[in-house]
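**Q** What follows is a single structure, and I will ask about it in a moment.
Protein chains: 2
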Amino acid sequence: MTYCVGLTVREGLVMIADTRTNAGIDNIATFRKLHVLEEPGERIMVLCTSGNLSVSQAVLNHVQEGIENTDTQVVETLRTAPSMFKAAQLIGRAIRLVYETDGKSLEEHSGRFDVAILFGGQIKGGKMRLFMIYSAGNFIEVTVDTPYLQIGEHKYGKPILDRAVNFNTDIQDALKIGLISMDSTMRSNLGVGMPIDIVVARRDAFRAEIKHRIEPGEPYFHDLRERWSAALRAAHIAIPRPPYAVADKNRPGEGVDI
Amino acid sequence: MTYCVGLTVREGLVMIADTRTNAGIDNIATFRKLHVLEEPGERIMVLCTSGNLSVSQAVLNHVQEGIENTDTQVVETLRTAPSMFKAAQLIGRAIRLVYETDGKSLEEHSGRFDVAILFGGQIKGGKMRLFMIYSAGNFIEVTVDTPYLQIGEHKYGKPILDRAVNFNTDIQDALKIGLISMDSTMRSNLGVGMPIDIVVARRDAFRAEIKHRIEPGEPYFHDLRERWSAALRAAHIAIPRPPYAVADKNRPGEGVDI
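The listed protein sequences derive, respectively, from chains A and B. Numbering-wise, the numbering used here puts 27 at position 27 of the first sequence, and it's gapless, one number per residue. Every position in the second sequence, counted from 1, becomes a number in the numbering used here once 1000 is added.
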C-alpha cells in the first residue's frame, strides 16, 4: 500500500509520501516513492508514485532516459519538457508505453496494471502546477477550490484535509496538516509506513526549500503524533454527552420495527 | 453508500446507522437501515444493514417471517432463536436463501450480490453479542481487543475509533465517539447522510435505553459537529510548525534522484 498527498497553497507546493511496499503481507520493504528533479533557479519537479512498483519504476526510467516524440523524432525527458503540462503528458505517454510493454503479461499473471502519480512543480516562465496522472495516462489538476490531491490509501487521511486546508493556508501549516493526514493513515493501515519523504517548494523559487526524510523516532514527527492523539482525546472528552433517551414511539422512524 | 458502526463496551451496546441510499448518484433516498426487535425484559436485537437494499430487505423479511429448519421442519425467526449465535446463523441462512433466489439474476443484470449486516443484542440467559455477517452468510464477532465493527464506508470514521474507544469506555462516550465517527464519514462521503438512527442497550437490561432518530438540524448533533470541527482546527494550530530544512545531500534518501 501507499499514501501520498500533494498540496498547493498560495505560497507553494507540499508533497509527502510514505515508503512502504508490500508484495503480499509477508513481504514488506522500503522503497522511495517520492522523486525530485531539481535544477535550482530553472525548474523543480516532484513525482510521487503509487501502484505496482515495477510499473512506476519503469515510468520513471522512461521519463529520465527519454521517449521519442513520433512527430518530431526528438527524444523528450522531464529535463527538456518546455512546460509542466507537456511534462505531465510525457509521464502519461510513459505510462502508456509501459502498458504496451508489460500490461498484457501482468494481467495474465494475475497482476494489475495499476499506477497513479502525483506530479507537481514549476518551470521558469510557467506557473506552479500539481497533477494526478492515472493508469490510462490521463490526468487532472488541483484547483483553488480543492487544493490537494491524494493517491493510494487516501480515505483515512482525507477528513483532516477536508477540514483544515484551503488555498490560503500557510505553507508550513500545509506541511503540518499533510503530516497529520499521513499519521492518520499510518495508524489505520499498516501497509503505509515510515520513513516519510517530504518536499516543500515555494512558488517562483524553482528549488526545494525543504527536502527531507523523516525517519522512525524523529523527534518532531513523534511529538506531532503524540500531540494530535492527545488533542483528539481532549476534543472528544470536551464534547458533552448525548441527551438522547428512549424515543417516543409515535415519531416516524422510531419504535419496534421487526 | 452506507455507514454503520456497532460498539460493545463493558456497560453495553451502541449501534448507529445512517439512512441514505443511492441507486446512482442522481437517485438519492432515505431508507431505514437500523432495525430493532425488542421484547422488554426478554430480548433485544439490533440489525444494521449495508449493501444492495433489495437484498438486505429480503433478508429482513426472511428472518421476520421465518425460515424452515430442514432438519426439524420448525420455522425459525429472530423471535424464536434460542441464542444470539443461533440468531446470527439464521441471518446467515437468510442471506444464502436470498442468494439462491436472486444472486444469479442480480449478477446477470450487472448488479452485485452485496450485503453486510451488523447484528447485536442479548437474549435472557445469554451474553450480549455483536456480529458482522458477510455476503456468504459467515460472520465474525467483536472482541474485547477491538470492541467495534463497521460496515459500508468505514475508512473515514475509523481513525477516531482506533484512538478513542476501548472496552472500558463509558457507554455514553461510546455513543458520542460513534457519532463523531459518523460525522467524519458524512463529511467526506456525500453518499452517507442524515437522519441518523441510534440504539443504546445496557447489558442485562434486555431493552433499548436509547432508541432515537437524529434529524438534520437537531441541536445536540449540530453542536457536536461544530465542537469537533473547532477542536480539530485548534488541535492542528496548537502543534508547532515543522523544523525541517533543505536536506544534507549526503544522507541516504536525500537529494536529486531523477
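Glycine included, C-beta positions come from ideal geometry on N, C-alpha and C.
Work out the CA separation of Y1134 (chain B) and E226 (chain A) for me, nearest whole Å.
**A** Answer to the nearest angstrom: the Cα atoms are 36 Å apart.
**Q** Would you give the residue range spanned by the alpha helix (DSSP H) that E98 (chain A) belongs to?
**A** Before going further, note that residue 98 (chain A) is Val rather than Glu in the sequence given. Run containing V98 (chain A): M84 to V98, per the alpha helix (DSSP H) assignment.
**Q** Please confirm whether L1016 (chain B) and G1178 (chain B) have their CB atoms less than 8 Å apart.
**A** Residue 1016 (chain B) is actually Ile in this sequence, not Leu. Going by C-beta atoms, I1016 (chain B) is nearer than 8 Å to G1178 (chain B).
**Q** Would you kindly report the start and end of the unbroken beta strand (DSSP E) that includes H1035 (chain B)?
**A** From DSSP, the beta strand (DSSP E) with H1035 (chain B) extends over L1034 to E1039.
**Q** Short of 7 Å in beta carbon distance, which residues of its chain neighbour R1010 (chain B), apart from the five on each side in sequence? Order them along the chain.
**A** Excluding sequence neighbours, R1010 (chain B) sits near F1167 and N1168.
**Q** T1049 (chain B): buried (16+ other C-beta within 10 angstroms of its C-beta) or exposed?
**A** The residue is buried, with at least 16 neighbouring Cβ atoms inside 10 Å.
**Q** How many whole angstroms separate the CB atoms of R93 (chain A) and G137 (chain A), which I take to be in contact at a CB cut-off of 8 Å?
**A** Their Cβ separation, rounded to whole angstroms, is 7 Å, which keeps R93 (chain A) and G137 (chain A) in contact under 8 Å.
**Q** Determine whether the Cβ of Q172 (chain A) lies closer than 8 Å to any Cβ atom of chain B.
**A** Answer yes: the Cβ-Cβ gap between Q172 (chain A) and chain B drops below 8 Å somewhere.
**Q** Would you list, in chain order, the members of the region 175-196 of chain A that have their beta-carbon closer than 8 Å to a beta-carbon of chain B?
**A** Cβ contacts with chain B: L175, K176, I177, L179, I180, S184, R187, S188 and P195.
**Q** Against chain B, does I239 (chain A) count as a neighbour if the rule is that its beta carbon must be under 8 Å from one of theirs?
**A** Chain B, which has a Cβ nearer than 8 Å to the Cβ of I239 (chain A), makes this yes.
**Q** Taking 8 Å as the cut-off, decide whether the C-beta atoms of M128 (chain A) and L149 (chain A) are in contact.
**A** Against a cut-off of 8 Å, the Cβ pair of L149 (chain A) and M128 (chain A) comes out as no contact.
**Q** Would you kindly check if the distance between the Cβ of P242 (chain A) and the Cβ of L1175 (chain B) is under 8 Å?
**A** Yes, these two residues count as a Cβ contact at 8 Å.
**Q** Does the Cβ of V5 (chain A) have 16 or more other Cβ atoms within 10 Å, making it buried, or fewer, making it exposed?
**A** Counting Cβ neighbours within 10 Å, V5 (chain A) comes out buried, since at least 16 surround it.
**Q** According to the neighbour-count rule (16 or more other Cβ atoms, all chains shown, within 10 Å of its Cβ), is D1018 (chain B) buried or exposed?
**A** D1018 (chain B) comes out buried.
**Q** Since T8 (chain A) and L118 (chain A) should fall inside the 8 Å C-beta cutoff, what is the C-beta to C-beta distance between them, to a whole number of angstroms?
**A** About 11 Å separates the two Cβ atoms, so there is no contact after all.
**Q** Taking R1163 (chain B) as the reference, which of B:I1180, B:V1063, B:A1201 and B:V1036 has the closest Cα?
**A** The option with the nearest alpha carbon to R1163 (chain B) is B:I1180.
**Q** Straight-line CA distance for A1081 (chain B) to A116 (chain A)?
**A** Computed Cα separation, rounded: 50 Å.
**Q** Return the bridge partner residues of Y1244 (chain B) from the DSSP annotation.
**A** Bridge partners of Y1244 (chain B): none, in fact.
**Q** Can you pull the chain B residues whose beta carbon is under 7 Å from the beta carbon of H222 (chain A), in chain order?
**A** In chain order: nothing, as chain B lies at least about 12 Å away.
**Q** Excluding five sequence neighbours on each side, which residues of the same chain lie with their C-beta closer than 6 Å to the C-beta of A1238 (chain B)?
**A** Hits under 6 Å: none found.
**Q** Given that a residue counts as buried once 16 or more other Cβ atoms are within 10 Å of its Cβ, and exposed if not, what is F1221 (chain B)?
**A** By the 10 Å Cβ count, F1221 (chain B) comes out buried.
**Q** Below 8 Å on the Cβ atoms is my guess for N1189 (chain B) versus R1112 (chain B); work out the distance and round it to an integer in Å.
**A** Rounded, the Cβ-Cβ distance is 18 Å, inconsistent with contact.
**Q** Determine the chain A residues that contact I1198 (chain B) at a beta-carbon separation under 7 Å, and present them in chain order.
**A** Simply Y244.
**Q** Does E218 (chain A) come out as helix, strand or coil in the three-state DSSP assignment?
**A** Three-state DSSP puts E218 (chain A) in coil, outside helix and strand.
**Q** K1155 (chain B) CB to nearest chain A CB: under 8 Å?
**A** Output row for K1155 (chain B): interface = yes.
**Q** Is M1 (chain A) helix, strand or coil by DSSP?
**A** M1 (chain A): coil per DSSP, three-state reduction.
**Q** Which whole-angstrom value describes the C-beta separation of R1003 (chain B) and T1185 (chain B), a residue pair presumed to lie in contact below a C-beta threshold of 8 Å?
**A** Note that residue 1003 (chain B) is Tyr in the sequence shown, not Arg. The pair is a contact, with the Cβ atoms about 4 Å apart (cut-off 8 Å).
**Q** Kindly provide the ranges of any beta strand (DSSP E) runs that are 3 or more residues long and lie completely inside the region 1108-1157 of chain B, ordered along the chain.
**A** Runs of the beta strand (DSSP E) inside the region 1108-1157 of chain B: 1115-1123, 1129-1133, 1139-1141 and 1148-1152.
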